[in-house]
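Asker: For the sequence shown, this note's numbering gives the first residue as 834, with consecutive numbering after it. Mind having a look at this structure? Questions to follow.
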Amino acid sequence: MGISQPKFWAEQVAERAIEEAKRRGFGVVTCRSGQTPSGAKHIGNFNDNIRSYFVARFVEKLGYKARHVQTHDDMDPLRKVPTRVVDLDGKWHELSEEELRRLSSYVGFPLVSVPDPFGCCDSWATHFERVWEEGCEMAGIRKTEYYRNVDLYKKGKFDEFIERVFRRIEIVRDILMKYKSTKTPEYYPFWVICENCGRLTGKVYEVDLDSRTVYYRCTSRALAGKYTIPSCDHRGSVGWGGGSGKLDWQLEWPSQMVMFQTVVEPFGKDHYVGSWPICREVLPKVFGYQPILTFVYEFFLVDGKKMSTRHGNVYIMHDMLSIMEPEVFCYLYTKRPTRQRDISLTQLSLVDEFDRVERIYFGLERAKNEREEREMRTRYELSWCDREIPRNKPFRLPYSIAALLAQLVKDPEKEVEKAVHLLRRIGYLRGELDDNSRKSLVMRLRLAKEWIKRFAPPEMKFEVLKEVPREISSKLTEHQRAALREVAQILEQREFSVEELHAELYNIAKKYGLSSPEFFSSAYLILLGKDHGPRLAPFLLALDREFVIKRFRLEG
């Protein structure tokens, strides 16, 4: 009997979710996530959506009905106006001082009442909800049910939960004070939109259960311990339904879980130690709903740093999809959620990793063992989300070569024949490319061109000198000059593959007593005007042969 292999993480969660749904008498497993449209949501926030989506897909694969739900928490107050915002195309823009002042006057307003910074949507919330949903669509997630909290409040979907909170307020307060030192025995976890100033600052001090009315006073409040919302001191009374206010997050979150009959939901480790302990008690004690299944994911780092506006390294889905294919981007999230991931945008090893997985999937490369092959196949299929998995392996130009060619081909769409010619010249391509392969080639060249522009390290970027300035040629030693001339000589004699030329370059350097850095830097200097550049062998083969021969002879 063979040793049983551990199952894929999403399959394990899906199996538990199915059992939980059956225990609760649910005919469908609802996998839920949520996000607040406070601005452009970064790729770390995407963990909520895509990981719950993966579980939903596995539930279906195991023969049970699944539902993938996401809520937009757009009744939350605006805490702070970010200095950078994205338009509907996912392009970043710096707000002017005047725009920052104007929008900052809306701090404390529900996000649905804050103007769109671009004026293209009816509110700040709608704008960033559209950016988010479009990003999910571009990534391939197309079977999600989206709900806006503002609609749920206005339609009365939260009313029964608000009433339960008020009727069991002593239990609620005990739970809140157990975890939050700032809460008092008089606290009501419901904030009214002030009828005078429009901010979410109406602090409730009395509730009339019979008339379903709350009495409030507009009171300055602090959010997350660092954002202070001003008040106007207005006093008033309103019915608690119809979107007149909202529950605190610690009560709103479990309300959503019950509302959608949620079975499983992922969240980051910040919620695990922050809001989840409260939610876990509120569910059974206030709403009579047993705590749901959860799984926690670790945060992402980008080039070793946590994403933050201070570091200038906040990236949204549109950013990532401008430099890599959707399936490559989504592949990142198939990895185990409990391990912190460091994404390097200067190296993009993720693309090379995905390309290897794809070769394993189509039987063109062997996995290390049976377990790895099974996991790679699972992760590859998940990476395509709701897009069709190709029947045959797509043409994938190695990203390093794509980055090289992208700087020699100005317009990949218009100059695809030039790109094909260059690939043949460096020996990477021998046969013909069908239409689909050409489309794949053009896409990767286009993505690599954007990567070069935005993220590539200096050694990957180049611009070939039209002529060698005297101050550069004068730096070369006689041995360097002789070695370069011999390279010109061998290129004149015959054709080379990348591997053959690579070996010859090292042999020539050794012949003239040059270290590899001494020789390669001399070649880069006369070609690019700097002592570093892309891999030399494929670079030389991609350039015009006569140009290289003439340049290495130091004739111009």
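Idealized CB from N, CA, C, for every residue including glycine.
1. Excluding sequence positions up to five away, which residues of its chain have a Cβ less than 8 Å from the Cβ of Met834?
2. Using 10 angstroms around the beta-carbon of Trp1284, count the other beta-carbons present and answer buried if the total reaches 16, otherwise exposed.
3. Have a look at Ile1008 and Glu1208 and give me their C-alpha separation to the nearest angstrom.
4. Quick one: what's got a C-beta closer than 6 Å to Met1010's C-beta in the same chain, skipping five residues either side?
5. Where does Pro1063 land, buried or exposed, given buried means 16+ other C-beta within 10 angstroms?
6. Rounded to a whole number of angstroms, what is the C-alpha to C-alpha distance between Ile836 and Glu1114?
7. Considering only the alpha carbon of each residue, which of Arg1277, Asn1269, Thr916 lies closest to Glu1417?
8. Name the residue from Cys1065, Arg849, Val892, Gln1089 whose alpha carbon lies nearest to the alpha carbon of Asp906.
9. What is the DSSP secondary structure of Phe841, counted as helix, strand or coil?
10. Looking at C-beta atoms only, is the number of pairs between the stretch 1273-1282 and the stretch 1155-1163 that lie closer than 8 Å three or more?
11. For Ile1026, name the three-state secondary structure that DSSP assigns.
12. Report the CB separation of Ile1382 from Val1331 in whole angstroms; it is logged as a contact under 8 Å.
13. To which residues of the same chain is Phe994 closer than 6 Å at the C-beta, ignoring the five residues directly before and after it?
14. Apart from the five residues just before and just after Leu1230, which ones in its own chain have a Cβ nearer than 7 Å to its Cβ?
15. How far does the beta strand (DSSP E) with Gly1054 in it reach, from first residue to last?
16. Taking the Cβ atom as the reference point for each residue, do Pro948 and Val918 lie within a distance shorter than 8 Å?
17. On the three-state DSSP scale, how would you describe Val1381?
18. For Ser1066 and Trp1073, I'd like the C-alpha separation in whole angstroms.
19. May I ask you to report which of helix, strand or coil DSSP gives Cys1112?
20. Can you grab the Cα-Cα spacing for the pair Phe887 / Asp1136, in whole Å?
21. What residue from Gln845, Phe841, Trp842, Ala854 has the CA that sits closest to Pro1124's CA?
22. Does Ile836 come out as helix, strand or coil in the three-state DSSP assignment?
23. Leaving out five residues on either side along the sequence, give the residues of the same chain with a beta carbon under 8 Å from the beta carbon of Pro1227.
24. I'd like the span of the alpha helix (DSSP H) that includes Ile995, first residue to last.
25. Select from Phe1385, Ser885, Phe1372, Glu970 the residue whose C-alpha is nearest the C-alpha of Met1150.
26. Throw me the rounded Cβ distance for the Ser1349 and Tyr1357 pair, which I believe falls under 8 Å.
27. Where Trp1205 and Tyr1021 are concerned, what is the direct C-alpha to C-alpha distance, given to the nearest angstrom?
28. Using the Cβ count rule (16 or more neighbours within 10 Å means buried), how would you classify Arg997?
29. How close, in whole Å, do the beta carbons of Val1184 and His875 come, if the pair is a contact with beta carbons under 8 Å?
30. Closest by CA to Cys864, which one among Asp1188, Gln903, Cys954?
31. Can you tell which of Arg1263, Gly1362, Lys1251 has the C-alpha that lies nearest to the C-alpha of Arg1303?
32. CB Ser871 to CB Arg912, shorter than 8 Å?
33. Would Glu848 and Leu895 be called neighbours here (beta carbons separated by less than 8 Å)?
34. Tell me where the beta strand (DSSP E) around Glu966 begins and ends.
35. Tell whether a beta-carbon distance below 8 Å holds between Phe991 and Leu1116.
36. Indicate the three-state DSSP secondary structure (helix, strand or coil) for Pro1245 in the structure shown.
Answerer: This is what the structure holds:
1. Residue confidence for Met834 is low, a pLDDT of 37 falling below 50, so the modelled location carries little weight; the figure read from the coordinates is stated next. Closer than 8 Å at the Cβ level, and outside the excluded window around Met834, lies no residue.
2. With 16 or more other Cβ atoms within 10 Å, it is buried.
3. If you take the alpha carbons of Ile1008 and Glu1208, they lie about 42 Å apart.
4. In its chain, beyond the 5 residues on either side, Lys1016 have a beta carbon closer than 6 Å to the beta carbon of Met1010.
5. So Pro1063 ends up on the exposed side.
6. With a pLDDT of 48 at Ile836, under the threshold of 50, the predicted position of this residue should be treated as unreliable, and no value is reported.
7. Examination of residue 1417 is not possible in this model, given that the chain is present from 834 through 1389 alone.
8. Among Cys1065, Arg849, Val892, Gln1089, the Cα nearest to that of Asp906 is on Gln1089.
9. Collapsing the DSSP output to three states places Phe841 in coil.
10. Yes, the stretch 1273-1282 touches the stretch 1155-1163.
11. Coil.
12. Not quite, the Cβ-Cβ distance comes to about 18 Å (not below 8 Å), so this is no contact.
13. Leaving aside the five residues that flank Phe994 on each side, the residues in its chain whose CB is nearer than 6 Å to its CB run, in chain order, Ser1088.
14. Answer for Leu1230: Leu1274, Arg1277, listed in chain order.
15. A small correction: the amino acid at residue 1054 is Arg; Gly does not occupy that position in the sequence shown. Secondary structure note for Arg1054: its beta strand (DSSP E) is the uninterrupted segment 1054-1056.
16. In this structure, Pro948 sits away from Val918, with a CB-CB distance that is not shorter than 8 Å.
17. Residue state, collapsed to three classes: helix.
18. In the sequence under discussion, the amino acid at residue 1066 is Asp, which differs from the Ser named in the question. CA-CA distance, Asp1066 to Trp1073, rounds to 19 Å.
19. Of the three classes helix, strand and coil, the one that applies to Cys1112 here is helix, per DSSP.
20. In this structure, the straight-line span from the alpha carbon of Phe887 to that of Asp1136 is close to 26 Å.
21. Of Gln845, Phe841, Trp842, Ala854, the residue nearest in Cα terms is Ala854.
22. At Ile836 the pLDDT is 48, less than 50, meaning the model places this residue with poor confidence; the figure from the coordinates comes in the next sentence. In this structure, Ile836 counts as coil in the three-state DSSP scheme.
23. The answer, listed in chain order, is Glu1191, Asn1269, Ser1270, Ser1273.
24. It spans 992-1000 - the alpha helix (DSSP H) in which Ile995 sits, taken as one unbroken run.
25. Of the candidates Phe1385, Ser885, Phe1372, Glu970, the residue whose Cα lies closest to the Cα of Met1150 is Glu970.
26. About 12 Å separates the two Cβ atoms, so there is no contact after all.
27. Note that residue 1205 is Glu in the sequence shown here, rather than Trp. Their backbone Cα atoms lie some 53 Å apart in a straight line.
28. Looking at its Cβ environment, which holds 16 or more other Cβ atoms inside 10 Å, Arg997 is buried.
29. Wrong, their Cβ atoms sit about 20 Å apart, outside the cutoff.
30. Answer by Cα proximity: Gln903.
31. That would be Gly1362, whose Cα lies nearest to the Cα of Arg1303.
32. One thing to note: Ser871 has its Cβ within 8 Å of the Cβ of Arg912.
33. Yes; because the gap between Cβ atoms is below 8 Å, this pair is in contact.
34. First-last for Glu966: 957-972, but that is the alpha helix (DSSP H), not the beta strand (DSSP E).
35. Result no, Cβ atoms of Phe991 and Leu1116 do not sit closer than 8 Å.
36. Pro1245 carries a coil assignment under DSSP once its states are collapsed to helix, strand and coil.
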